[in-house]
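Worksheet: the structure to be examined is printed underneath.
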Amino acid sequence: MNSPVTLDRREGPYGEVVLRRRDAGDRTDFEIIANGTFLMDTSDGRSERLLVDAAMEALPARARAGASVLIGGLGVGFSLAHAAADPRWGRIAVVEREEAIIDWHRSGPLAALSGRALADERTVILHTDLVAYLETSGDTYDALCLDIDNGPDWTVTEDNESLYGAGGLASCAARLNPGGVLAVWSARPSGDFEESLRNAGFSGVRTEEIPVARGVPDVVHLGIRPA
6 MNSPVTLDRR EGPYGEVVLR RRDAGDRTDF EIIANGTFLM DTSDGRSERL
56 LVDAAMEALP ARARAGASVL IGGLGVGFSL AHAAADPRWG RIAVVEREEA
106 IIDWHRSGPL AALSGRALAD ERTVILHTDL VAYLETSGDT YDALCLDIDN
156 GPDWTVTEDN ESLYGAGGLA SCAARLNPGG VLAVWSARPS GDFEESLRNA
206 GFSGVRTEEI PVARGVPDVV HLGIRPA
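If you count by the numbering used here, then the sequence shown holds residues 6 to 232, one letter each, in order.
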């Protein structure tokens with residue numbers, strides 16, 4: 006595999022964000038790096054797809070048709086594209102605080118992954134900080150699918166740490182309709198976060214694993230706001 010090539014590098018209000026291309030034979034992957042921390046790439050989207058599917062399947066069967074979902078973090082677009090490919094989802098909102106990442110999807114190298122989903126009439130992109138949006142918005146959803154960090158124990162910026170504590174989880178619950186599902190992606194399991202979900206009043210708390218090539222599995226933490 007060749008060394009990565011930097012396609013764009015920007016300084017924003019939250020630090021540096023970088024888009025890189027990595028070529029290997031007839032395969033090309035893209036990587037997003039934030040403040041020197043690897044966030045995600047396009048090599049394998051199983052985790053991001055499971056994030057969306059797990060949230061849908063955790064909803065009551067009667068609530069799945071036309072369910073609304075908030076995706077926290079546009080990333081490389083796997084979660085958005087997967088949600089838009091499922092006709093059961095109604096409104097699909099994506100919160101992304103990095104203008105650069107939005108640009109890479111709208112008119113840059115990542116448009117091939119997300120262009121159809123962005124053009125879907127159900128989709129809206131919200132250029133704002135997720136933590137602030139959850140605290141201040143009056144919007145509610147049937148599912149929140151959050152993937153803005155490498156997990157509750159490994160945040161990209163210190164500001165994100167509050168999302169996984171009592172206050173942040175209360176904000177998540179406030180944005181959920183009764184019976185709604187909170188799904189949080191993590192690069193490793195977190196027993197402490199499961200306990201935090203229970204302490205915040207979520208029911209049906211569980212963790213679904215996604216095997217990876219090396220190391221501990223990726224996971225999706227799930228909790229339901231009681232009806």
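Quick reminder that beta carbons are idealized off the backbone N, C-alpha and C, glycines included.
Rounded straight-line distance, which links the Cα of residue j to that of residue i
{"i": "L181", "j": "R102", "result": "21 Å"}
{"i": "G209", "j": "S142", "result": "25 Å"}
{"i": "M61", "j": "R69", "result": "7 Å"}
{"i": "T145", "j": "A179", "result": "7 Å"}
{"i": "F35", "j": "R26", "result": "5 Å"}
{"i": "G156", "j": "E126", "result": "31 Å"}
{"i": "A273", "j": "A192", "result": "Beyond the ends of the chain as shown, which are 6 and 232, falls residue 273; an answer cannot be given."}
{"i": "F43", "j": "G173", "result": "24 Å"}
{"i": "L168", "j": "P18", "result": "19 Å"}
{"i": "A88", "j": "L123", "result": "11 Å"}
{"i": "V22", "j": "D13", "result": "8 Å"}
{"i": "G30", "j": "G41", "result": "26 Å"}
{"i": "G5", "j": "N204", "result": "Residue numbering for the chain in the displayed model covers 6 to 232; residue 5 lies beyond these limits and cannot be assessed."}
{"i": "A63", "j": "F207", "result": "13 Å"}
{"i": "L187", "j": "I130", "result": "19 Å"}
{"i": "T47", "j": "R32", "result": "11 Å"}
{"i": "A117", "j": "F198", "result": "35 Å"}
Of the residues the options, the one placed nearest residue i, counting alpha carbons only
{"i": "G196", "options": "R211, A59 and G184", "result": "R211"}
{"i": "W94", "options": "G120, L75 and E140", "result": "L75"}
{"i": "P194", "options": "V225, R203, G172 and G185", "result": "V225"}
{"i": "G1", "options": "V136, L139 and A90", "result": "For residue 1 there is no data in the structure shown, the boundaries of the chain being 6 and 232."}
{"i": "L55", "options": "E213, I130 and E140", "result": "E213"}
{"i": "A232", "options": "A117, D28, I37 and P65", "result": "P65"}
Outcome for residue i when other beta-carbon atoms lying within 10 angstroms are tallied against a minimum of 16
{"i": "R67", "result": "exposed"}
{"i": "D134", "result": "buried"}
{"i": "T128", "result": "buried"}
{"i": "V221", "result": "exposed"}
{"i": "S201", "result": "buried"}
{"i": "E53", "result": "buried"}
{"i": "T84", "result": "The sequence given here has Ser at residue 84, not Thr. Buried: at least 16 other Cβ atoms inside 10 Å."}
{"i": "G71", "result": "exposed"}
Residue i - partner residues in DSSP beta bridges
{"i": "W190", "result": "V225"}
{"i": "I215", "result": "D223"}
{"i": "C150", "result": "I76 and A188"}
{"i": "F43", "result": "I38"}
{"i": "W94", "result": "A72"}
Residues of its chain near residue i, where Cβ-Cβ distance is below 6 Å and the 5 sequence neighbours each way are ignored
{"i": "G78", "result": "D152 and I153"}
{"i": "V189", "result": "L151 and H226"}
{"i": "R15", "result": "V22 and A105"}
{"i": "E140", "result": "S176"}
Beta-carbon contacts of residue i that lie in its chain and below 7 Å, excluding the five residues immediately before and after
{"i": "L115", "result": "F35, V81, G82 and W109"}
{"i": "S73", "result": "G95, R96, Y146 and D147"}
{"i": "P216", "result": "P222"}
{"i": "V136", "result": "D164, N165, S167, L168 and G173"}
Residues near residue i by beta carbon distance below 8 Å, same chain, minus five either side
{"i": "P9", "result": "R25, R26, R27 and E36"}
{"i": "A171", "result": "S201, N204 and A205"}
Proximity test, residue i beta-carbon vs the ligand SAH heavy atom, cut-off 6 Å
{"i": "A179", "result": "This structure simply doesn't include the ligand SAH, nor any ligand for that matter."}
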